[in-house]
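Structure first, commentary second.
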Amino acid sequence: MDVVVLPTAADVAAHAAGVVADRIAAQPALVLGVATGSSPVGIYRELARRRREEGLDLSRLECFALDEYVGLPGHDPHSYAAYLRREVADPFGLSAERVHVPDGVRADLEGAAQDYEQSIAVAGGIDLQILGIGTNGHIGFNEPLSALSSRTRVLALSAQTRADNARFFDAPDDVPTHCLTQGLGTILEARQLLLVAQGERKAQAVAAAVEGPVAARCPASVLQFHRRTTIVVDEAAASRLALAGHERPDAGA
Ligand SMILES: N[C@@H]1[C@@H](O)[C@H](O)[C@@H](COP(=O)(O)O)O[C@@H]1O
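Just so we're aligned: 119 in the UniProt record's numbering is position 119 of the sequence shown, and the numbers increase by one with no gaps anywhere.
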C-alpha cells in the first residue's frame with residue numbers, strides 16, 4: 001500500500017487527478033470506477049480542467065458508480081446518478097450511456113444488483129477505482145460488519161452515515177434508508193485502487209484502514225489485501241497515522 005501525505009486538500013486533488021490522468025493518457029478507453037460524495041470532487045474538476053485546457057481526451061472512458069441510494073430516481077438531484085451527470089459526464093464530455101449507476105428504483109433490487117455486477121464484467125472489469133472513505137470506515141456504502149467478500153447488494157445505511165450525508169439533503173429524514181452498493185469483494189477486483197481523504201474528521205477511519213487490523217469493523221481495512229492501492233490524504237486526515245511522515249516499510253509494494 002502506498003500512502004501519500006500532502007499538506008492540503010487541494011494538493012490531494014491535484015496529485016490524485018495526476019494519477020488518474022496518467023492512466024487515461026496511456027489508456028484512453030480506461031474503465032474508471034467513480035466514487036461520489038465530497039472527497040473526489042476536486043479530482044473530477046481537475047480532470048475537466050485538463051480536458052478544457054490541455055486537450056485530455058475523457059470521451060472514451062467507461063465509468064461505473066460505486067453505489068446509489070434506493071428510491072431516488074436519476075432525475076432527483078440528490079441521486080448519485082444526478083451527481084455523476086453534474087460532476088463527471090457533462091464536464092468530461094461523456095455520453096450518458098458511458099456512466100453506469102446501479103438502478104435504485106427497480107422493484108427487483110436484487111436483480112438490479114446482479115445486473116450491475118454483470119455490466120462491470122461485460123466492460124472487462126474496472127481498471128482504476130477512485131474511493132472516498134466514510135467517517136466509520138465505509139467504502140462505497142459497505143458499512144461496518146460488511147462481509148469482506150461481499151458483492152453488489154442492497155444494504156441499510158447506518159445512523160452515522162445517514163447523519164453524515166444529511167448535509168446534502170434538505171432535512172435529515174430525507175436521507176434514504178437503503179442503498180445499492182458494490183461489495184467489498186467487487187471493489188477488490190478493480191485492478192488499481194485510489195482512495196482520497198481530506199480533513200480531521202476522516203483521521204480515525206484512515207488510521208484504522210491503513211494501520212489497523214483487517215477487520216469488518218473498518219471495511220476500508222480490506223484494502224490492505226489489494227496489491228495496487230494508493231491512499232492520498234492531507235495532513236489533517238493523516239494526523240492519527242502513527243507512521244505518517246516516515247518511510248513506510250511496504251510503501252510502493
Ligand atoms: N457512499 C459515499 C461514499 O462513496 C463516500 O466515499 C463516503 C464519503 O463521503 P464524503 O466524501 O462526502 O465525505 O460516503 C458516502 O456516503
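Ideal Cβ placement from N, Cα and C applies to all residues, glycine included.
Could you pull the start and end residues of the beta strand (DSSP E) that V5 belongs to? Unbroken beta strand (DSSP E) run through V5: D2 to L6.
Considering only their Cβ atoms, is the gap separating G124 from V31 smaller than 8 Å? The answer is yes: Cβ separation under 8 Å.
Relative to the C-alpha of D11, which residue among R60, L109 and S39 is closest? Of R60, L109 and S39, the residue nearest in Cα terms is S39.
Verify whether the separation of the beta carbon atoms of V154 and L109 is less than 8 Å. In this structure, L109 lies closer than 8 Å to V154 by Cβ.
Say the cut is 7 Å; is the CB of T36 nearer than that to a heavy atom of ligand 1? Proximity of the beta carbon of T36 to ligand 1 is indicated: a heavy atom of the ligand is located closer than 7 Å.
Which residues does DSSP list as the beta-bridge partners of T229? L193.
Count the other CB atoms within 10 Å of the CB of E54; is the residue buried (16 or more) or exposed (fewer)? Residue environment for E54: exposed (fewer than 16 other C-beta atoms within 10 angstroms of its C-beta).
When every heavy atom of ligand 1 is checked, does at least one fall within less than 7 Å of the C-beta of D67? Yes - ligand 1 has a heavy atom lying nearer than 7 Å to the Cβ of D67.
Given that a residue counts as buried once 16 or more other Cβ atoms are within 10 Å of its Cβ, and exposed if not, what is D57? The residue in question, D57, is exposed, as its Cβ has fewer than 16 Cβ neighbours within 10 Å.
Report the option in S221, S95, I231 and A14 whose CA atom is closest to the CA atom of residue 256. Coverage of the chain is limited to positions 1 through 253, which leaves residue 256 absent and any answer about it impossible.
Ligand 1 heavy atoms versus the CB of F141: any closer than 7 Å? Within the cutoff, so yes.
Suppose you measure from the CA of F169 to the CA of T36; what does that come to, to the nearest Å? Rounded to the nearest angstrom, the two C-alpha atoms are 15 Å apart.
For the alpha helix (DSSP H) that G42 lies in, which residues bound it at each end? Segment V41 to E54, the alpha helix (DSSP H) holding G42.
Helix or strand or just coil, what does DSSP make of E68? Under the three-state reduction of DSSP output, E68 falls in the strand class.
Assuming Y181 and G140 make a contact with CB atoms under 8 Å, what is their CB distance in whole Å? Looking at the sequence provided, one finds Thr at residue 181 rather than Tyr. About 4 Å separates the Cβ atoms of T181 and G140, confirming a contact at the 8 Å cut-off.
Which of the three DSSP states, helix, strand or coil, is assigned to A113? When secondary structure is reduced to three states using DSSP, A113 falls in the helix class.
With hydrogens ignored, establish whether the beta-carbon of G137 is closer than 7 Å to any heavy atom of ligand 1. The answer is no for G137.
Within 8 Å, strictly: CB atoms of G134 and A215: For the 8 Å CB-CB criterion, G134 and A215 do not form a contact.
Which term fits A253, buried or exposed, when burial requires 16 or more other beta carbons within 10 angstroms of its beta carbon? Below a pLDDT of 50, predicted positions are generally treated as unreliable, and A253, at 45, falls in that range; no measurement from the model is reported.
Would A65 pass as a contact of L84 if the rule is Cβ separation under 8 Å? It is a contact, given that the beta carbons lie within the stated cut-off.
Please give me, in chain order, every unbroken run of the alpha helix (DSSP H) with length at least 4 that falls completely inside the region 97-180. You should have 109-122 and 159-165.
Beta-carbon contacts of R240 that lie in its chain and below 8 Å, excluding the five residues immediately before and after: Taking C-beta separations shorter than 8 Å and ignoring five residues to either side along the sequence, the partners of R240 in its chain run A203, Q204, V206 and A207, following chain order.
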